[in-house]
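As structure tokens, the structure follows; a few thoughts come after it.
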Amino acid sequence: MTAKQLPGGTYRVGDLDLTRVGYGAMQLAGPGVFGPPADRDGAIAVLRAAVDAGINHLDTADFYGPYVTNELIREALAPYPDDLHIVTKVGARRDERGGWPPARSPRQLREQVYENLEHLGLDVLDVVNLRVGGVHSPEPGSLAEQFEALAQLRAEGLIRHLGVSNVTAEQLAQARAIAPVVTVQNRYNIAQRDDDGLVAATAADGIAFVPYFPLGGFSPLQSEALEAVAKRLDTTPMAVALAWLLQRSPNILLIPGTSNVAHLRENIAGAGLDLPADARADLDAIGA
Numbered sequence: 001m002t003a004k005q006l007p008g009g010t011y012r013v014g015d016l017d018l019t020r021v022g023y024g025a026m027q028l029a030g031p032g033v034f035g036p037p038a039d040r041d042g043a044i045a046v047l048r049a050a051v052d053a054g055i056n057h058l059d060t061a062d063f064y065g066p067y068v069t070n071e072l073i074r075e076a077l078a079p080y081p082d083d084l085h086i087v088t089k090v091g092a093r094r095d096e097r098g099g100w101p102p103a104r105s106p107r108q109l110r111e112q113v114y115e116n117l118e119h120l121g122l123d124v125l126d127v128v129n130l131r132v133g134g135v136h137s138p139e140p141g142s143l144a145e146q147f148e149a150l151a152q153l154r155a156e157g158l159i160r161h162l163g164v165s166n167v168t169a170e171q172l173a174q175a176r177a178i179a180p181v182v183t184v185q186n187r188y189n190i191a192q193r194d195d196d197g198l199v200a201a202t203a204a205d206g207i208a209f210v211p212y213f214p215l216g217g218f219s220p221l222q223s224e225a226l227e228a229v230a231k232r233l234d235t236t237p238m239a240v241a242l243a244w245l246l247q248r249s250p251n252i253l254l255i256p257g258t259s260n261v262a263h264l265r266e267n268i269a270g271a272g273l274d275l276p277a278d279a280r281a282d283l284d285a286i287g288a
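Here you go:
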């Protein structure tokens, strides 16, 4: 399967063509995204199956595990194909209890970039997203000092492109005044639509919008309307939710995660579901 055969084709991110159906590696770590996977061979198999399916857009972070998913990606896929692009995040650490304390000083961000390079086995990172807010939503405040630190690392040749995660429209504008932004990664799905305006704004500016928790995250999506549409189309609610996102805007890129090869293939097929107009209208109303 080639990138063109994947649902949605590709989207230009900087000078990279990313498949709009990507893969998020978070679920390859242990419970709570902490520690190693119970089935390491299974995790390796999922990564290889994603690339074999034509996916060239992998999303990860060194604080998944910590270090677990990046080391799995390196073990499974290095030496990397020329057209495989890995997007990572900085701005947090993990504590001994599995918490996610922020780590956003310029020194900490530089350390995290070097750690991502080491654990992935790369000389340069394709895209680095600065994570600003908490797990679920943005937090107010300036990101100038942090984004300037990443812009410096980009100038040094360690990063090709920069993005932001968990940000407001104002924070995105602040980042863009410092350096080009190619991706925004915020929480967004069929039921959580606070960023409808940001989706439209980034589409107009040619910036990729990458929803994390596209299927609800740690708590799966719950919606009677979603279930009704899925039943009408003889498919699953998760397939409908992915297809809706892919058809919501051409700049939306999907990074659903799974630790199961069969589920990976279901996600790819689900994203390609053709939603008729009446189904879309019912789905659009969920977040209204």
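Just so it is clear: in the sequence shown, position 88 is 88 by UniProt numbering, and no numbers are missing.
Cβ coordinates follow ideal geometry from the N, Cα and C atoms, glycine included.
- Counting only runs of at least 4 residues, the stretch 164 to 196 fully encloses the following alpha helix (DSSP H) elements, listed from N- to C-terminal order: 169 to 176.
- In chain order, Ile190, Ala191, Pro237, Ile286 place their CB closer than 8 angstroms to the CB of Ser223, counting only its own chain and leaving out the 5 sequence neighbours on each side.
- With a cutoff of 8 angstroms on beta-carbon distance, Arg131 and Ala92 are scored as near each other.
- Beta-bridge partners assigned by DSSP to Leu233: none are found.
- Look at Tyr114 here: in three-state DSSP terms it is helix.
- Per DSSP, the beta-bridge partners of Ala208 are Thr183.
- Across the set Arg187, Arg97, Val167, the C-alpha of Arg187 shows the shortest separation from the C-alpha of Pro256.
- Contact between Gly270 and Ala243 holds: CB atoms are separated by about 6 angstroms, below the 8 angstroms threshold.
- Considering only Pro250, Pro81, Arg232, the residue with the shortest C-alpha distance to Asp282 is Arg232.
- In the DSSP annotation of this structure, the continuous segment of the beta strand (DSSP E) that includes Asp17 starts and ends at 16 to 19.
- By a beta-carbon distance limit of 8 angstroms, His119 contacts Glu71. Their separation comes to about 5 angstroms.
- In the three-state reduction of the DSSP assignment, Val128 falls in the strand class, which pools E and B.
- The alpha-carbon of Leu16 is positioned some 24 angstroms away from that of Thr258.
- Beta bridge pairing from DSSP links Leu254 with Val21.
- The shortest CA-to-CA distance from Val135 to any of Glu170, Gln5, Gln185, Glu111 is the one to Gln185.
- If you draw a straight line from the Cα of Val127 to the Cα of Asp52, it is about 22 angstroms long.
- Looking only at Gln152, Leu125, Thr202, Glu145, the smallest Cα-Cα distance to Asp59 is reached by Leu125.
- Cβ-Cβ separation between Thr19 and Ile55: approximately 5 angstroms, consistent with a contact (criterion under 8 angstroms).
- In the DSSP assignment, Arg12 falls within the beta strand (DSSP E) that extends over 10 to 13.
- With a 10 Å radius around the Cβ and a threshold of 16 neighbouring Cβ atoms, Pro138 comes out buried.
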